[in-house]
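The structure under discussion appears below in the form of structure tokens.
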Amino acid sequence: MQRYFVEGKVPANKMVTITGDDAKHIAKVMRQSVGDRIIVVIEDIAFLAEIQSTDFDVEVELERELEAKNEMPKKVTIACGLPKGDKLELIAQKSTELGMYAMLPFAAERSIVKWDASKNDKKIGRLQKIAKEAAEQSHRTHIPVIHNVHTFVQLMERVQTYDAVVVAYEEEARRDAPTRFADTLKSLYDKDSILLVFGPEGGISESEISQLKQAGALFTSLGPRILRTETAPLYALSAFSYEYE
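Converting from the sequence shown to the working numbering requires adding 705 to each position, the first position being numbered 1.
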């Protein structure tokens with residue numbers, strides 16, 4: 706059954722209007738009509754809804770709340786150093802499917818890509834659209850928030866707002882006794898909001914590592930193999946799902 710996200714509050718009269726591309730998708734692509742049912746998500750709550758009208762916008766009536774346990778027990782925010790090409794879009798899409806709560810891109814010291822501030826709204830809007838579509842496809846009740854690109858200084862200012870900060874650091878894997886990611890996950894059972902930090906293609910610089918250490922971040926290995934910048938977040942989220950779900 707098709708799922709659509711609607712902004713705003715749950716209305717007292719249970720009548721909801723779906724507009725824009727979603728309305729076109731319901732009426733023109735899916736060719737649904739009066740009496741058909743869809744799933745509508747409002748305020749992170751999924752409802753079974755019946756279509757009442759498709760004249761222009763789509764009017765639906767919320768019938769009943771659906772029990773949904775589709776969200777990761779931990780609120781995991783992916784902080785990724787700006788990667789090359791369209792890798793950020795891949796991370797947004799696949800991480801949403803794997804349960805990411807939010808994404809926070811940042812301009813790392815070794816990021817090759819330079820973010821064009823004049824195109825920020827357009828780029829973030831596209832990433833948010835990708836996350837929305839992935840959330841619909843994977844039957845989420847929460848669309849991950851795609852934050853504006855941060856400087857590393859701005860990232861450090863946000864660090865204290867999370868219950869725990871975990872840094873995937875490739876040098877950790879080269880130690881004689883590296884910190885296993887499985888052990889790191891087991892130490893986070895009493896934490897709710899977690900920031901996972903990944904570097905760009907060139908990795909995280911020594912200066913950035915030093916600042917993260919001073920802020921109390923946990924450093925972990927993701928195993929003996931070096932993962933690409935777009936692969937590491939997906940590996941980590943999969944491990945979170947295995948441990949907590």
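For glycine and all other residues, C-beta sits at the position ideal for the given N, C-alpha and C.
Spatial neighbours of glutamate 794 in its own chain (CB-CB distance under 6 Å, excluding positions within 5 residues in sequence) are listed in chain order as Ile835. Minimum Cα-Cα distance from valine 745 among the listed residues Leu923, Val711, Pro905 corresponds to Val711.
When DSSP reads this structure, glycine 786 sits in a beta bridge with Phe811. Straight-line spacing of the CA atoms in lysine 918 and aspartate 895 works out to 21 Å. Below 8 Å, too few C-beta pairs join the region 826-834 and the region 872-892 to call them touching: fewer than three.
The residues Thr846, His847, in chain order, have a CB closer than 6 Å to that of aspartate 749 in the same chain once the five nearest residues on each side in sequence are set aside.
The beta carbon of proline 849 sits closer than 8 Å to those of Ala797, Ser800, Thr801, Met805, Tyr806, Ala807, Met808, Ala836, Ala840, all from its chain and outside the five residues before and after it, given in chain order.
Excluding residues up to 5 positions away in sequence, Pro788, Pro905, Glu906 lie with their Cβ nearer than 6 Å to the Cβ of threonine 934 in the same chain. Counting only the Cα atoms, serine 843 lies some 21 Å from lysine 729.
Apart from the 5 residues on each side of it in sequence, serine 823 has no Cβ closer than 7 Å to any other Cβ in its chain. Spanning the alpha carbons of threonine 866 and leucine 923 requires a straight line of approximately 15 Å.
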